[in-house]
Every structure is written in structure tokens, then in C-alpha cells.
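Number 96 in the numbering used here belongs to position 41 of the sequence shown; there are no gaps in the numbering.
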Amino acid sequence: MISLEFISHNNHPLLPSIQSIYEEAFPPEEKVDFSSLLSHKFTDDCAFKLYAILDKNETCGMLSIVEYTSFVFIYYLAITPAKQGLGIGNKVLELIKKESTTPLILEVEHATQDISKRRIEFYVRNGFHVNQYPYFQPALHQHTDAVPMHIMSYPHALSEEDFLTVKTALYEHVYCV
56 MISLEFISHN NHPLLPSIQS IYEEAFPPEE KVDFSSLLSH KFTDDCAFKL
106 YAILDKNETC GMLSIVEYTS FVFIYYLAIT PAKQGLGIGN KVLELIKKES
156 TTPLILEVEH ATQDISKRRI EFYVRNGFHV NQYPYFQPAL HQHTDAVPMH
206 IMSYPHALSE EDFLTVKTAL YEHVYCV
């Protein structure tokens, strides 16, 4: 049984395993320092939340989301390599879809490598739409460049106006640019 456990404080016992999963799953140019991830604050406009993904009470992944009033941004989603391909990611997305009353938004790399193609296909199989508007994840570190990405959305593709609203919110609250 797949479940999500909300990480409510910086001393949570599952935090070290979540950090390990996070550090292994994402390339340096696409991730913030883990302590920065934990320091995101709740504001009137959005709420940052971190979850452990559990399979029969064993940590098998991590999920970070940002809840806005008009959409939920899936910031980071990672499953441990040993548990990939078992449908856990699908089940996590189903849990999020069931709980959310607003559209889901995420960033995904352009399909330039096999892994990024498979990632896009995974999200499309889960009902997400690739929005073709130009988008870059801002540089997260001084030594990295902005990363060209697609914004994907569920349950429908975004209008240009909605895309610009999402982009502005992410740049302002998530990336602080």
C-alpha cells in the first residue's frame, strides 16, 4: 500500500532517507540545496509541503509540492531506483489527483535524452499535457545556466494566459527571481 507521510518538522525521523533520495535523483543544475528546500515558508499565496513516499511503511521516495489557490506545483517527485518500474509513481500521482481540487503543474526536461523522453511519456500516460510555451527553470546556482523545460499540466493543457500565471507564480515564490 502506497501512502504519503507529511514531513512536519526538520527533525522528522524520515528526513535523512528523503534527503538521500533527493540528492541521488536530481542533477545539480535542477535541484536546490536540501536545506534550502526545507526552508521554504508558507505565505498567503502558497504553501510548501514535503512528503515521504511509503510502500508498506518503507520509505521508497520523496515528494515536494507547492500549493497555490489556483494550482498545485509538483516541485520534486522521486522514487528510489530499487522501486522504480513498480507503479509507485503512478499511485503517487493518483493520490495527488484525488486530493487536489485544482490543476496539477510540473516541470520536465525537453525530450533530448532517452530518460527525459521516458519521463514525459510517464506523465502523459498519467493524463498530463505538454504545454508548448517557451519556459526555462531559472539557474539555481551561480555556476549553472537556466534549464529549458516544458510545463506539464493535468487535467488539461493550459491557455497562454494560465501558463503565464503559472510561470509568474513559480518564478516569484519558488525561484525568487
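Heads up, the beta-carbon is just placed ideally off N, CA and C, and yes, glycines get one too. Everything numeric in this text was worked out from a predicted model, so none of it was measured.
- Under the DSSP assignment, P71 falls in the alpha helix (DSSP H) whose first and last residues are 70-80.
- Just measuring C-alpha positions, the residue of P82, I57, M117, V232 sitting nearest V163 is P82.
- In this structure, V127 is the residue among V127, P136, K152, K153 with its C-alpha nearest to the C-alpha of A224.
- Less than 8 Å separates the beta-carbon of C101 from that of V121.
- One alpha carbon belongs to A201, the other to P193, and they sit about 5 Å apart.
- In the three-state DSSP reduction, P83 falls in the helix class (H, G or I).
- In the structure shown, L141 falls within a coil segment according to DSSP collapsed to helix, strand and coil.
- The Cβ atoms of I62 and L69 sit closer than 8 Å to each other.
- Two segments are said to touch when three or more pairs of C-beta atoms, one from each, lie closer than 8 Å; by this definition the segment 164-172 does not touch the segment 142-155.
- In the structure shown, the three-state DSSP call for V185 is strand.
- The alpha-carbon separation between E215 and P189 amounts to approximately 10 Å.
- Per DSSP, the unbroken alpha helix (DSSP H) holding V221 starts and ends at 215-224.
- Secondary-structure assignment with DSSP links A107 through a beta bridge to E60, M117.
- Taking C-beta atoms under 8 Å as the contact rule, L93 and N65 qualify, at a distance of about 6 Å.
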